[in-house]
Amino acid sequence: MIDLKSLREDPDVARASQRARGESPGLVDRVLDADARRRALLTEFERLRAEQKEVSRSVGKASPEERSAILGRAKELSDHVKAAEADADRARDDLDRLVAGFPNIVLDGVPAGGEDDYVVLRTEGSPRDFAAEGFTPRDHLEIGELLGAIDTERGAKVSGARFYYLTGIGARLELALLNAAIDKALAAGFTPMITPTLVKPEIMAGTGFLGAHADEIYRLEADDLYLVGTSEVALAGYHSREILDLSAGPKRYAGWSACYRREAGSYGKDTRGIIRVHQFHKVEMFSYAPIEEAEAEHARLLAWEEEMLAAAGLPYRVIDTAAGDLGTSAARKFDCEAWLPTQGRYLELTSTSNCTTYQARRLGIRERTLSGTRPVATLNGTLATTRWLVAILENHQLPDGSVRVPEGLRGYLGGLEVLEPAAPVTA
RNA sequence: GGAGACGUCGCAUAGUCUGGUCUAGUGCGCAUCCCUGCUAAGGAUGUGACGGGGCAACCCGUCCGUGGGUUCAAAUCCCACCGUCUCCGCCA
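Written out as structure tokens, the structure reads:
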């Protein structure tokens, strides 16, 4: 939720933000109108209510002779108050609806435009030259099957398309990666958390996931709960309706959870292997920070992501996502994309967003300061996901189909240096 | 799943039966000050959130788990829901 006061004081910033996102700047004026109307009706209601309270109080003290006259007056006022309150409530609902649909204000420097208008900030590491090494790289699924690490056929049999089993060394490799991520988070001062993956509608709405991309989310209708697409949701909800003390710096949590995505509208895209799946695991960083520290914290989250990518030995690039490709809640987003040799393209492995105070306003997360309370900034970023296995298997493969274990993960696999092809799991 | 108890401004509690004097009292904690001169005790004052108006001291409104209802008037009466605890049943 955007800040109405600053919108009132400086609507041009919001208009510019809307234009950068490729959305309507006219929405700003509709919000301003609704806000003015709501405040006028609220003032009127409160004036009548104050009068009614005064008259009502006088009923008890009135002498029997005065009583019926006062009661008549009170009754009349009561009707007026009810009507005025209904008007004010309606105006508030109108305003709320408009505000709910208003995305976060993008930060200065965010590239304008859509999905393809990102800016590459830098490229780290260099992709291997498989031609020079004299072999054609296998894709992650082929390797995964050779290693007995990934089984998508049985995943489809049991749960449908875009489901999979990680088997044997595949399961161990994912656990190794996620454990490495948790250790990285611990070293950076995060509190590890294992979070709920089913959340209430108000929490899902508060994080901004029920806006434009609501069809991405699984909903359990019988229980009115949502399956989270990331532990960001549960971690943002953790301190909802609380007042925090951030005087010692940001509060940092690292969530480990399964993540669920419907992948509606991605038919035919990344259908092979485990690049785009309905269920995966992720270790996610989440920070609650004073707003002045948000941009510095965002830079820190990005740096920790890059340390993980280095531990996994992956070549990657960092992009500054364009305004139109930001989520509803994000004011700025950096993605790290690893090189995918068999597709000759970069694949998103991490994403870190600065949501400024947008989520905190919706979820009622504030901090205590010398001059009262105010909303905090929330930020999130990926430390590892199941998808990383794709890049690890492809980038570290050897001609015979085995895979060199990146040094940063060996300690989590009992010192194992190479994953060797194994007999497949057969019936 | 069944039965019962409970939910009050940081914490603990009063108030609910008998609606108006609750403009929610008290204790603890906390903050400032006073006294004292020494890691004590005492005293005074203050002590929330949200919204609106001046936008500074102030004023108004909302908030007693949540949402409805009754009433001129609801912490208080009625209904529904949520949560916590206890007991029973069932499942692991």
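In UniProt numbering, the protein residues as written are 1 to 427. Glycine included, every Cβ here is placed at the ideal spot set by N, Cα and C.
First through last residue of the beta strand (DSSP E) which encompasses residue i
i, result
"P375", "G372 to P375"
"N354", "R345 to N354"
"I291", "From DSSP, I291 is part of no beta strand (DSSP E); its letter is neither H nor E."
"V13", "Here V13 belongs to no beta strand (DSSP E); instead the alpha helix (DSSP H) covers P11 to R21."
"T191", "T191 to I194"
Through-space distance from residue j to residue i, alpha-carbon basis
i, j, result
"R38", "F45", "11 Å"
"I48", "A36", "For the sequence presented, residue 48 should be read as Leu rather than Ile. So the alpha carbons of these two residues sit roughly 19 Å apart."
"G113", "R15", "15 Å"
"T197", "Y118", "31 Å"
"G273", "A248", "44 Å"
"E263", "K53", "55 Å"
"R90", "R387", "46 Å"
"R30", "R8", "12 Å"
"residue 428", "F163", "Residue 428 lies beyond the range of the chain shown here (1 to 427); nothing can be said about it."
"L326", "P111", "11 Å"
"P201", "Y288", "21 Å"
"H298", "N354", "6 Å"
"L141", "F130", "18 Å"
"K75", "A84", "14 Å"
"A296", "R122", "18 Å"
"A86", "D96", "15 Å"
"residue 432", "L71", "What is shown of the chain runs 1 to 427, which leaves residue 432 out entirely."
"G408", "L419", "15 Å"
"Q359", "R374", "13 Å"
"E66", "R57", "14 Å"
"V106", "A88", "31 Å"
"L41", "S329", "30 Å"
"S126", "G134", "17 Å"
"L235", "R362", "14 Å"
"E305", "K184", "9 Å"
"A310", "T321", "21 Å"
"L220", "G415", "42 Å"
"D10", "P250", "28 Å"
Rounded distance between the beta-carbons of residue j and residue i, thought under 8 Å
i, j, result
"R19", "P103", "Their Cβ separation, rounded to whole angstroms, is 12 Å, which puts R19 and P103 out of contact at 8 Å."
"T357", "F334", "Between F334 and T357 the Cβ distance is about 19 Å, and since that is not below 8 Å, they are no contact."
"G229", "I217", "6 Å"
"G364", "S266", "No, G364 and S266 are not in contact; Cβ-Cβ is about 34 Å, not under 8 Å."
"I194", "V233", "I194 to V233, Cβ: 14 Å. No contact."
"A254", "T191", "7 Å"
"G206", "G237", "7 Å"
"L413", "A176", "5 Å"
"Y316", "E124", "6 Å"
"L186", "W256", "Contact flag wrong, Cβ pair sits at about 12 Å."
"G189", "R252", "6 Å"
Residues near residue i by beta carbon distance below 6 Å, same chain, minus five either side
i, result
"I319", "Y118, V120 and D335"
"G155", "F163, Y164 and Y165"
"E115", "D325"
"L210", "M204"
"A323", "A20, R21, V106, V110 and A112"
Contacts around residue i, its chain only, beta-carbon distance under 7 Å, and the 5 residues preceding and following it disregarded
i, result
"E51", "L77"
"Q397", "P137, R138, I143 and V403"
"A391", "L314, A338, L340, L347 and L349"
"E174", "L166, H281, T386 and L389"
"A294", "N354, T356, A377 and L379"
"A181", "V283, M308, L383 and A384"
"R73", "V55"
"R368", "I243 and D245"
"S24", "Q18"
"A212", "T328"
"K269", "R276"
"G401", "R138, I143, L146 and P421"
Residues near residue i by beta carbon distance below 8 Å, same chain, minus five either side
i, result
"T167", "G148, A149, I150, D151 and V425"
"S98", "Looking at the sequence shown, residue 98 is not Ser but Leu. Closer than 8 Å at Cβ, skipping near neighbours: L27, R30, V31 and A34."
"L301", "M285, S287, T352, L379, N380 and G381"
"T342", "P137, R138, D139, H140 and E394"
"V81", "F45, L48, R49 and Q52"
"E417", "R404, V405 and R410"
"V59", "R67, I70, L71 and A74"
"R366", "E242, I243, L244, A360, T373, R374, P375 and V376"
If you scan the segment 360 to 424 from start to end, which runs of the beta strand (DSSP E) of 3 or more residues do you find wholly inside it? 365 to 369, 372 to 375 and 377 to 385
Along the chain, which unbroken stretches of the beta strand (DSSP E) at least 3 residues long are found entirely within the segment 251 to 336? 251 to 260, 279 to 289 and 316 to 320
Please give me, in chain order, every unbroken run of the alpha helix (DSSP H) with length at least 4 that falls completely inside the segment 108 to 171. 130 to 133, 140 to 146 and 152 to 159
Restricting to runs no shorter than 4 residues, where is the alpha helix (DSSP H) found entirely within the segment 201 to 246? 201 to 206 and 232 to 238
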